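Q: Have a look at the structure that comes next, please.
In my numbering, the protein residues as written are -17 to 510.
See below:
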């Protein structure tokens, strides 16, 4: 078997020979596999300790359902990568990474499932609502598969990559960074191995994969330093049980019977899903791999629907990070191998054991690496003049992340922003209301603001005004800058965008008149 896979090669009949595994594939496999592992461990803990679902339901139904989604989705994206490689006659195509959507994990638990559990005391009712919510997300993403390619075509790259950088810096990087520095004696050595191995391409002794070396070193430090507990491992081992996925239409249909309250979050988050997928596909294209957006979105939507029917309330999605796994050496098969690994762990019920064996600070540095790479790509893959547009697209995600921290801190203190009052928050130096409005619907808001600035920097004021008009429409119906979708959701923000559009049109007219005056005046040279 060819293990290098970095040069084009052809068989005797002239067709491209694609290796099934490359040297760099192992690095990417460990990196993505641990990335998904962290997320599955997190969602398992959320269900067990926040919604208080029975361990039998979580380990016996939810995780096997998620395992099926991971297996099918990652195999599919490996197929797309190999198809693209043959189409373009090259062996360096990298498959798209795929796993449970991180923002949705927290939203479905804390916004959908937890309120129902608190009001009814029944975790099954909460589970049913989560399944229905995930199903709606999938349907919306399927619809997005047909309108997404058009949106991607008209949206500046700076706006899409800037939005992705905003997600990466806040929701992908900051929590892992905090977890690393919370146990810096474990996390920082691991981070050093990952950054040196992936950013400098230095080979480790014996050719050991960077991701595996980092995990082994971090785990050894954690156990030697007393960070982990043997009794916890013994208790987790006693709960191991093989689980086989099965259909749970009864739970799904019961949840769909009370669909109306779910639409307020499912609609904007479904739009968020396909907007993020567009940005991820654009990120892959910037790294050299141009995938068909419709094929990607159809898979994402189908994954959410199938997962909900099998019992998982966590919609899967294409992950941020394709350029990182490409830089690590991943090609066509690392994604499939990661999906197989996670599926096996789900079917065998081993996540409880892994949670007690592997220190979190030894796993999460890989997420910080991805955050650094995606943030850098947003600036490196656009013209220098577009840098301000990238920053503009980042800002709404920063606002959403900041208000989330404030809300969580207040909730931990047994209060809320409404109870504390705007005046008290303002006196503490927080413009809480404005920041919350700015951050609602952050992915779409970032794309809108980034597009306005990107077109403006190109002095295309009519297009910039059109982007502001889109912002006005989306604010009016509540897809951005509002807590829920409804008519006249945020009229004052919609008015602001509309007035911005008028200003930009005025500049467009002024620019046209200025050019006409230049062309009529023989003393002034015409623009070239």
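Every residue gets a Cβ at the ideal spot worked out from N, C-alpha and C, and that includes glycine.
Here the structure is a predicted model, which means the values were calculated and not measured.
To which residues of the same chain is residue 489 closer than 8 Å at the C-beta, ignoring the five residues directly before and after it?
A: Excluding sequence neighbours, residue 489 sits near 443.
Q: Of the choices 425, 136, 426, 403, whose alpha-carbon is the least far from that of residue 415?
A: 403
Q: I'd like to know if the segment 254 to 265 and the segment 43 to 55 are in contact, where contact means that at least 3 CB-CB pairs between them fall below 8 Å.
A: no
Q: On the CB-based measure, 16 or more other CB atoms within 10 Å of its CB, does residue 183 come out buried or exposed?
A: The residue is exposed, with fewer than 16 neighbouring Cβ atoms inside 10 Å.
Q: Quick one: give me the first and last residue of the alpha helix (DSSP H) that residue 40 is part of.
A: Looking at the DSSP string, residue 40 is not in any alpha helix (DSSP H), and its letter there is neither H nor E.
Q: Taking the continuous beta strand (DSSP E) assigned at residue 159, which residues delimit it?
A: Element bounds for residue 159: not the beta strand (DSSP E) but the alpha helix (DSSP H), 157 to 164.
Q: Quick check: residue -2 and residue 67, are their CB atoms within less than 8 Å of each other?
A: In this structure, residue -2 lies near residue 67, with their beta-carbon atoms less than 8 Å apart.
Q: By alpha-carbon positions, which one of 306, 73, 86 ends up nearest to residue 119?
A: Of 306, 73, 86, the smallest CA-CA separation from residue 119 is found for 86.
Q: Please return the same chain residues whose Cβ sits closer than 6 Å to the Cβ of residue 472, not counting the five positions on each side in sequence.
A: 457, 463, 464
Q: For the alpha helix (DSSP H) containing residue 286, list its first residue and its last residue.
A: 275 to 292
Q: Between 97, 292, 339, which has its C-alpha nearest residue 213's C-alpha?
A: 339
Q: Within this structure, are the beta carbons of residue 376 and residue 306 separated by less than 8 Å?
A: Their beta carbons are not under 8 Å apart, which means residue 376 does not touch residue 306 by this criterion.
Q: For residue 25, does the count of other Cβ atoms within 10 angstroms reach 16, so buried, or fall short, so exposed?
A: buried
Q: So if DSSP puts residue 80 in a beta bridge, which residue, or which two residues, is it bridged to?
A: 300
Q: Going straight from the alpha carbon of residue -10 to that of residue 132, what length do you get?
A: Residue placement at residue -10 is poorly supported in this model, since its pLDDT is 47, which falls under 50; the coordinates are not used for a value here.
Q: If we ignore side chains and look at the alpha-carbon of each, how far apart do residue 233 and residue 18 end up?
A: 26 Å
Q: Touching or not, the segment 330 to 345 and the segment 96 to 113, by the rule of three or more beta carbon pairs under 8 Å?
A: Here the segment 330 to 345 makes no contact with the segment 96 to 113; the two share fewer than three CB pairs at distances below 8 Å.
Q: Are the Cβ atoms of residue 421 and residue 365 separated by less than 8 Å?
A: no
Q: Whole angstroms are fine: how far does the CA of residue 200 sit from the CA of residue 171?
A: 7 Å
Q: Mind listing, in chain order, the continuous beta strand (DSSP E) runs of no fewer than 3 residues lying wholly within the segment 116 to 191?
A: none
Q: Alpha carbon to alpha carbon, how far is residue 397 from residue 252? Give it in angstroms, no decimals.
A: Each residue's Cα considered, the two are about 30 Å apart.
Q: Compare the C-alpha of residue 454 against each of 238, 273, 480 and name the closest.
A: 480
Q: Quick test of your reading: residue 296 and residue 82, contact by CB under 8 Å. State the CB separation rounded to the nearest angstrom.
A: 5 Å
Q: Go ahead and pull the three-state DSSP assignment for residue 343.
A: helix
Q: From residue 459 to residue 430, what does the alpha carbon distance come to, in whole angstroms?
A: 15 Å
Q: Rounded to whole angstroms, what's the CA-CA distance from residue 36 to residue 30? Just pull it up for me.
A: Distance between the alpha carbons of residue 36 and residue 30: 7 Å.
Q: Please go through the same chain and pick out, in chain order, the residues whose beta-carbon is closer than 6 Å to the beta-carbon of residue 236, but skip the five residues on each side of it.
A: 110
Q: What distance in whole Å lies between the Cβ atoms of residue 47 and residue 289, which are believed to be in contact at a cut-off of 8 Å?
A: 6 Å
Q: Going by alpha carbons, who is nearest to residue 512 out of 358, 117, 461?
A: The question about residue 512 has no answer, for the chain in this structure spans -17 to 510.
Q: Which residues bound the alpha helix (DSSP H) around residue 317?
A: 316 to 330
Q: Please work out which residues of its chain come closer than 7 Å, Cβ to Cβ, to residue 32, disregarding the five sequence neighbours upstream and downstream, and give them in chain order.
A: 91, 96
Q: Going by beta carbon distance, what residues of the same chain come within less than 6 Å of residue 150, once the five residues before and after it are set aside?
A: 302, 353, 356, 357
Q: Give the straight-line distance between the Cα atoms of residue 142 and residue 281, rounded to the nearest whole angstrom.
A: 20 Å
Q: How would you label residue 326, buried or exposed, when you count the other beta carbons within 10 angstroms and need 16 or more for buried?
A: exposed
Q: Taking three-plus beta-carbon pairs below 8 Å as touching, is the segment 304 to 320 in contact with the segment 263 to 274?
A: yes
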